[in-house]
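S.K.: Quick one: the structure is below, questions incoming.
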Amino acid sequence: MEKLTCFKAYDVRGKLGEELNDDIAYRIGRAYGEFLKPKTVVLGSDVRLTSESLKLSLAKGLQDAGTDVIDIGMTGTEEVYFATSYLKADGGVEVTASHNPIDYNGMKLVREGSRPISGDTGLRQSRSWRKPISSLLRPPHAAAMFVRMCWPIMFSMCCLM
Numbered sequence: 000m001e002k003l004t005c006f007k008a009y010d011v012r013g014k015l016g017e018e019l020n021d022d023i024a025y026r027i028g029r030a031y032g033e034f035l036k037p038k039t040v041v042l043g044s045d046v047r048l049t050s051e052s053l054k055l056s057l058a059k060g061l062q063d064a065g066t067d068v069i070d071i072g073m074t075g076t077e078e079v080y081f082a083t084s085y086l087k088a089d090g091g092v093e094v095t096a097s098h099n100p101i102d103y104n105g106m107k108l109v110r111e112g113s114r115p116i117s118g119d120t121g122l123r124q125s126r127s128w129r130k131p132i133s134s135l136l137r138p139p140h141a142a143a144m145f146v147r148m149c150w151p152i153m154f155s156m157c158c159l160m
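For the sequence shown, numbering that gives the first Met the number 0 begins at 0 and goes up steadily by one.
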């Protein structure tokens, strides 16, 4: 198996087409599901044009590993972290390149309780297993709950500075 150079210390990121593409996103999702064996994973993605496609490939890999996926749509990383804990999911992934150039994209991965994970946790290993049936859920309330519960706190913190 070739070395995946998109794994960094605390996230996944790489140049599109060379280090990160839909196939690699699928394999990351499949490996995440097989290694951590989560029942449910929250997915979100940023505004980049390539993020939705990578998220769908990631979701397919997770589902093929037997994981249910909760897609909360276009989000910031903090919303995926919040939704992972709020929805009591076993993990979460935000597809985002953060501050990197437009020809890059990446992922931030967390376990239950929104604890960060990385390539060093064994996600580089991928095996082909059976393809069990799973479901894709889209709860409309996760982003709204984030705004309702967290925005007042963040706003009050800004006003105190």
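For glycine and all other residues, C-beta sits at the position ideal for the given N, C-alpha and C.
Please state if the CB of S52 and the CB of E93 are separated by a distance shorter than 8 Å.
M.R.: no
S.K.: Just how far apart, CA to CA, sit T49 and S113?
M.R.: 24 Å
S.K.: Return yes when the Cβ of V41 is within less than 8 Å of the Cβ of A82, no when it is not.
M.R.: yes
S.K.: With 8 Å set as the bound, which would you pick, yes or no: does the beta-carbon of K107 sit closer than that to a beta-carbon of chain D?
M.R.: Looking at the structure shown, chain D is missing, and only one protein chain is on hand.
S.K.: Can you give me the C-alpha to C-alpha distance between A30 and D89, rounded to a whole angstrom?
M.R.: 15 Å
S.K.: Helix, strand or coil: how does DSSP classify S52 here?
M.R.: helix
S.K.: Does DSSP put I101 in a helix, in a strand, or in coil?
M.R.: coil
S.K.: Which residues in the same chain have their Cβ closer than 6 Å to the Cβ of S127, if we skip the five residues on either side of it in sequence?
M.R.: Because S127 carries a pLDDT of 37, less than 50, the predicted location of this residue cannot be relied on, and no value is offered for it.
S.K.: Do the stretch 93-108 and the stretch 5-22 touch if we need at least three Cβ pairs shorter than 8 Å?
M.R.: yes
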